[in-house]
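A.B. asks: Residues in the sequence shown are numbered from 5 upward in steps of one, following my numbering.
Cβ coordinates follow ideal geometry from the N, Cα and C atoms, glycine included.
Got a structure for you, written out below as structure tokens; questions coming shortly.
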Amino acid sequence: MNNNNIIDWPTFIGALVILFGVTIPLIFFPEVGAEVINAANTFMTGNFGVLFILMGLLSLVFLLYVAFSRHGKIKLGGRDTNREFGSFSWAAMLFSAGIGSSILYWGMIEWAYYYQGPPFGAEPESHEAIEFAATYGIFHWGPIAWAIYTLPALPIAYFFYVRKKPVLKISEAIRPVLGKYVDGPLGVIIDVLFIFGLMGGAGTTLALGTPMITEGVNDLTGLPVNLGTQAGIMLLCTAIFAVSSYSGLQRGIKVLSDLNLWLVLFILGFIFLFGPTVFISETTITSIGILLDDFFRMSTWLEPLANISGFPNTGFPEAWTVFYWAWWLVYAPFVGLFVARISRGRTIKEMILGTMIYGTVGCILFFGVLGNYGLYLQLTGTFDVLAFMNEHGAPAAIIAILNQLPISTLIVAVFTILAIIFLATTFDSASYILAAVAQKTVQGGDPLRWHRLFWAFTLCIMPLTLMFIGDLETLQTASIVSGFPIIFIMFLLAWSFMKASTKDLKASREYRSPTIFITQHKTDDTGNKNNKL
Ligand code: NM2
Numbered sequence: 005m006n007n008n009n010i011i012d013w014p015t016f017i018g019a020l021v022i023l024f025g026v027t028i029p030l031i032f033f034p035e036v037g038a039e040v041i042n043a044a045n046t047f048m049t050g051n052f053g054v055l056f057i058l059m060g061l062l063s064l065v066f067l068l069y070v071a072f073s074r075h076g077k078i079k080l081g082g083r084d085t086n087r088e089f090g091s092f093s094w095a096a097m098l099f100s101a102g103i104g105s106s107i108l109y110w111g112m113i114e115w116a117y118y119y120q121g122p123p124f125g126a127e128p129e130s131h132e133a134i135e136f137a138a139t140y141g142i143f144h145w146g147p148i149a150w151a152i153y154t155l156p157a158l159p160i161a162y163f164f165y166v167r168k169k170p171v172l173k174i175s176e177a178i179r180p181v182l183g184k185y186v187d188g189p190l191g192v193i194i195d196v197l198f199i200f201g202l203m204g205g206a207g208t209t210l211a212l213g214t215p216m217i218t219e220g221v222n223d224l225t226g227l228p229v230n231l232g233t234q235a236g237i238m239l240l241c242t243a244i245f246a247v248s249s250y251s252g253l254q255r256g257i258k259v260l261s262d263l264n265l266w267l268v269l270f271i272l273g274f275i276f277l278f279g280p281t282v283f284i285s286e287t288t289i290t291s292i293g294i295l296l297d298d299f300f301r302m303s304t305w306l307e308p309l310a311n312i313s314g315f316p317n318t319g320f321p322e323a324w325t326v327f328y329w330a331w332w333l334v335y336a337p338f339v340g341l342f343v344a345r346i347s348r349g350r351t352i353k354e355m356i357l358g359t360m361i362y363g364t365v366g367c368i369l370f371f372g373v374l375g376n377y378g379l380y381l382q383l384t385g386t387f388d389v390l391a392f393m394n395e396h397g398a399p400a401a402i403i404a405i406l407n408q409l410p411i412s413t414l415i416v417a418v419f420t421i422l423a424i425i426f427l428a429t430t431f432d433s434a435s436y437i438l439a440a441v442a443q444k445t446v447q448g449g450d451p452l453r454w455h456r457l458f459w460a461f462t463l464c465i466m467p468l469t470l471m472f473i474g475d476l477e478t479l480q481t482a483s484i485v486s487g488f489p490i491i492f493i494m495f496l497l498a499w500s501f502m503k504a505s506t507k508d509l510k511a512s513r514e515y516r517s518p519t520i521f522i523t524q525h526k527t528d529d530t531g532n533k534n535n536k537l
């Protein structure tokens, strides 16, 4: 097959049309563009925030149900399939793909926003605000967030390893529900929406990560912090992940993930040992308790009285929880594809619980160590993070917090390199998956090289544009606006998994055994009678 036949042109062109349809007007009319986006954001979060909140909670409930039901016992692969990866490298890869440099950004500074603008009507900078400051970050990177990531992995892994159909398209994973419509415009629309969503989410990531890396570089080399340096750094990061994506899953992506893990252990270990060890331990444990105690309150809070005059309107749920769920959502189909790929030999239950537990624990470590270190500096008066942040911005505050540590030059250097690698390990797999989705077939398991490279650079266009026009609010909006349609895709993905696996379980003779191997099913869901394994 030559290139022309391999590329899925309707999806490829559809994605580019939307991308340029959004970015070109933003470049030429930045102010109007920002206004329109902000209006779309207000409309979306104001009216549909409840959908995002429900989607998050329901994803968690659904996954727990699946994990502990018969469906959870299904093994991903045949009777003699062993686990492809041990739990440690499985968790490391999962984390490197699903989490990018944003965890360094928000892990360090999220508490400062909650401390100044706490939820549930608490008094800013009060004792209650401190408790929420240390807890809410863990909530936004906790079990619901990881459930959103895991849900798409279910149908994808199921079709990949149980029904043995190499599915690298989101539309294909919905075939049991949509049948032959997947082959028409509806299938293209679904894939294009996913690509667009991922570009929005990646835009948010790059546009947050770049200023932070620039501040780190400025601290180390004295290079000025301006748009030119930022654009240069963004292009440099793109070049790194493009090379890594070009060299493929086995080499580039794996080498960077390993390096990533060692640097993370070094930074977190160093801050924990040389920072306020007891404060960090105690505050983290206490926050886990507060999280468990207030879990349902946090996961359903929408501030319904905000629009009624006379009641306070903090905008907290829209600015944070809804924004976060949308951001996790736009990444979810991509992470689902990735989790599915590495989960051969696990049962569905192991895949679900593994993702949610390792993911949540990993995030707790970041927020516990990085965030509570900053909080400690603030509360003891050692360094006024808030004053610094309000004057110089969050990225500069992050580097300034690190500068309070011993051998801070080395720490800032490692932190900056880590941020670059974290970006690269997320973006190389993202461009890899984007290329796979915009191809009809994936010969030899990998999408075409030039195609991977193409998406690596395309991923950079949106963030560059956003950086030139905008502020944080416009960035956050990119995820929310592009995440909205994916709520419905999530629903279809869950339905599709249940439909296919229920059908196979009914036909399976191993109905009651502790691990279920689905070995045979007579028809696929389009009615073709040739789907024997
Ligand atoms: N999530 C985990 O920038 C990143 O770290 C990538 C962000 C969705 C909030 C993912």
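Just list the residues that DSSP pairs ILE11 with in beta bridges.
C.D. replies: ILE11 is bridged to GLN443.
A.B. asks: Return the CA-CA distance between PHE276 and PHE16, expressed in angstroms with no decimal places.
C.D. replies: 46 Å
A.B. asks: By Cβ distance, which residues of its chain are closer than 7 Å to PHE521, with the 5 residues on each side in sequence left out?
C.D. replies: LYS79, GLY82, ARG83, GLU514
A.B. asks: Below 8 Å, can you find three or more Cβ-Cβ pairs linking the region 482-497 to the region 193-201?
C.D. replies: Segments in contact, yes.
A.B. asks: When the Cα atoms are used, what is the spatial distance from PRO399 to THR218?
C.D. replies: 9 Å
A.B. asks: Check whether the region 332-342 touches the region 153-165, taking contact to mean three or more Cβ pairs, one atom from each stretch, closer than 8 Å.
C.D. replies: yes
A.B. asks: Quick one: residues in its chain with C-beta nearer than 6 Å to the C-beta of TYR328, no 5 flanking neighbours on either side, listed in chain order?
C.D. replies: Within the same chain, HIS144 come within 6 Å of TYR328 by CB-CB distance, once the 5 residues on both sides are set aside.
A.B. asks: In chain order, which alpha helix (DSSP H) runs of at least 4 residues are fully inside the region 66-125?
C.D. replies: 91-102, 106-120
A.B. asks: Threshold first: 4 residues or longer. Then list the alpha helix (DSSP H) segments lying entirely within the region 338-385, N to C.
C.D. replies: For the region 338-385, whole alpha helix (DSSP H) runs of length 4 or above, ordered along the chain, are 352-370, 376-384.
A.B. asks: How long is the line joining the alpha carbons of ILE152 and PHE66, rounded to whole angstroms?
C.D. replies: The C-alpha of PHE66 is placed about 10 Å away from the C-alpha of ILE152.
A.B. asks: Find the nearest neighbour of GLY53 within the set GLY319, PRO189, ALA19, judged by alpha-carbon distance.
C.D. replies: GLY319
A.B. asks: State yes or no: is the C-beta of TYR335 nearer than 7 Å to some heavy atom of the ligand NM2?
C.D. replies: yes
A.B. asks: Could you spell out the range, first to last residue, of the alpha helix (DSSP H) harbouring PHE198?
C.D. replies: 189-225
A.B. asks: Tell me which same chain residues have a C-beta within less than 6 Å of the C-beta of ALA149, skipping the five on either side of it?
C.D. replies: Same-chain partners within the cutoff: TRP332.
A.B. asks: Alpha helix (DSSP H) containing ASP297: first to last residue?
C.D. replies: That run of the alpha helix (DSSP H) goes 281-304.
A.B. asks: Please list the terminal residues of the continuous alpha helix (DSSP H) segment that includes ALA157.
C.D. replies: 157-161
A.B. asks: Does the beta-carbon of PRO228 have 16 or more other beta-carbons within 10 angstroms, so that it is buried, or is it exposed?
C.D. replies: With fewer than 16 Cβ atoms within 10 Å of its Cβ, PRO228 is classed as exposed.
A.B. asks: Let me make sure I understand the geometry here. Which of PHE501, LEU509, MET466, PHE458 has the alpha-carbon closest to that of TYR250?
C.D. replies: PHE458
A.B. asks: Do the region 85-99 and the region 341-356 make contact, defined as three or more Cβ pairs closer than 8 Å?
C.D. replies: In short, these stretches touch, since the Cβ pair count reaches three.
A.B. asks: Any idea what DSSP makes of ILE22, helix, strand or coil?
C.D. replies: helix
A.B. asks: Exposed or buried, what is SER175 when buried is set at 16 or more other beta-carbons lying within 10 Å of its beta-carbon?
C.D. replies: buried
A.B. asks: Give every residue of the same chain whose Cβ lies closer than 6 Å to the Cβ of LEU476, excluding the five residues on either side of it in the sequence, and list them in chain order.
C.D. replies: Annotation note: pLDDT 49 at LEU476 (below 50); position unreliable, coordinate value reported separately. For LEU476, where only same-chain residues beyond five positions count, there are no Cβ hits under 6 Å.
A.B. asks: For LEU265, which residues from the same chain have a beta carbon less than 6 Å from its beta carbon, with the 5 sequence-adjacent residues on both sides left out?
C.D. replies: Within the same chain, and ignoring the five residues on either side of LEU265 in sequence, the residues whose Cβ sits closer than 6 Å to its Cβ are ALA96.
A.B. asks: Run through the DSSP bridge pairs and tell me what ILE520 is partnered with.
C.D. replies: ILE78
A.B. asks: Are there 16 or more other CB atoms within 10 angstroms of the CB of PHE278, so buried, or fewer, so exposed?
C.D. replies: exposed
A.B. asks: When we look at the beta-carbon of ASN317 and count the other beta-carbons within 10 Å, is it buried (16 or more) or exposed?
C.D. replies: That one is exposed.
A.B. asks: What is the rounded straight-line gap between the Cα of ALA511 and the Cα of SER505?
C.D. replies: 10 Å
A.B. asks: So, is PRO128 buried or exposed, given that buried needs 16 or more other C-beta atoms within 10 angstroms?
C.D. replies: exposed
A.B. asks: Return the chain-ordered list of same chain residues with a C-beta closer than 6 Å to the C-beta of TRP305, the five sequence neighbours on each side being excluded.
C.D. replies: PRO321
A.B. asks: Enumerate in chain order the residues of its own chain whose CB-to-CB distance from GLY201 is below 6 Å, with the five nearest sequence positions on each side excluded.
C.D. replies: VAL334, SER486, GLY487, ILE490
A.B. asks: Considering just the uninterrupted stretch of the alpha helix (DSSP H) at THR154, what are its terminal residues?
C.D. replies: Note, THR154: alpha helix (DSSP H), 147-154.
A.B. asks: In three-state terms, what does DSSP make of GLY60?
C.D. replies: In the structure shown, the three-state DSSP call for GLY60 is helix.
A.B. asks: Sorted by chain position, which residues of the same chain lie with C-beta nearer than 6 Å to THR364's C-beta, five sequence neighbours on each side aside?
C.D. replies: GLY146, PRO147, TRP150
A.B. asks: To the nearest angstrom, how far is the alpha carbon of ALA404 from that of SER73?
C.D. replies: Here the alpha carbons of SER73 and ALA404 stand approximately 49 Å from one another.
A.B. asks: DSSP three-state label for PRO34, please.
C.D. replies: helix
A.B. asks: With 16 as the cutoff for other CB atoms within 10 Å, does THR139 come out buried or exposed?
C.D. replies: When all chains shown are included, THR139 counts as buried.
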